[in-house]
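Following my numbering, the numbering of the sequence shown begins with 261 at its first residue and continues without gaps. Using N, Cα and C, we set each Cβ at its ideal position, and we do this for glycine too. Notes for the one structure printed next.
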Amino acid sequence: MTITLKNTTVHVTGKTQAIEREGDKIQLKFIRQSADISAALTVHFHVVWSNRLSLEDIAEGQGKTDLLAGTIVIGANQTEASMELIPLVDSDATEGLESALLLVDPGDDYTPPRTKLDPTDPNLIVKGWKLSNGASLQVLDKVTLFADGTPGKPDPSGAIDFSDVKQQMLGDCYFLVVLTHLTQYNPAVIQSAIVENAATEDPYDSAL
């Protein structure tokens, strides 16, 4: 038996969520860790399209071209390559949360980090978890600031509900318990503390 050890790993990080509006976009970084970065590295990946998000929902550009090819190149003497995905603003009915899962495939010259999470688990897509070997891509379509936390179910009233509170991979359950309590007994505290602004980046102000 022959065992080949690869000294290069590639993982994905970045801004994985975007609102379907002018100027907002998903911004991913494919980062390699290696002792030798002198040569360019072609990274292969695939996307598990699900929950109403499809390739047709992404605007034309280099990011969509990379998605179609299923590859992205980290240049010679570079440690990362960037991908920008701009959601198409359409006039269709409100679709709420749209999401898909991007996963890095193993290559001849690199390997993605190992993860204990099952990439075929549909919950990975709707919960927005950031995986070491991929990312959950999320587009929020015509939702309010306090959108219903139920995946894909829009909340046109904008009312705060306990289902809006979702814990992902951050260990902040102690804080979320308090928020959940407030949604039921004093939602005005949350509404007054988190407000939208006109900025493209960081479009919310919070006093929490």
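Item: Between the C-alpha atoms of Asp465 and Ile279, what's the straight-line distance to the nearest angstrom?; Value: 16 Å
Item: Return the chain-ordered list of same chain residues with a C-beta closer than 7 Å to the C-beta of His304, the five sequence neighbours on each side being excluded.; Value: Gly330, Thr331, Asp365, Gly367
Item: Distance, Cα to Cα, Gln287 vs Tyr445?; Value: 37 Å
Item: For the beta strand (DSSP E) containing Lys289, name the first residue and the last one.; Value: 286-293
Item: In three-state terms, what does DSSP make of Tyr464?; Value: strand
Item: Taking C-beta to C-beta, are Asp401 and Glu340 nearer than 8 Å?; Value: no
Item: Is any heavy atom in the ligand MG found nearer than 7 Å to the beta carbon of Pro447?; Value: With respect to the ligand MG, the structure offers nothing, as it holds no ligand at all.
Item: Measuring alpha carbon to alpha carbon, tell me which residue in Leu301, Asp284, Leu439, Gly321 is nearest Thr473.; Value: Residue 473 falls outside the range modelled here, since the chain spans only 261 to 468, and no answer is possible.
Item: Give the range of the alpha helix (DSSP H) segment to which Ile450 is assigned.; Value: 448-453
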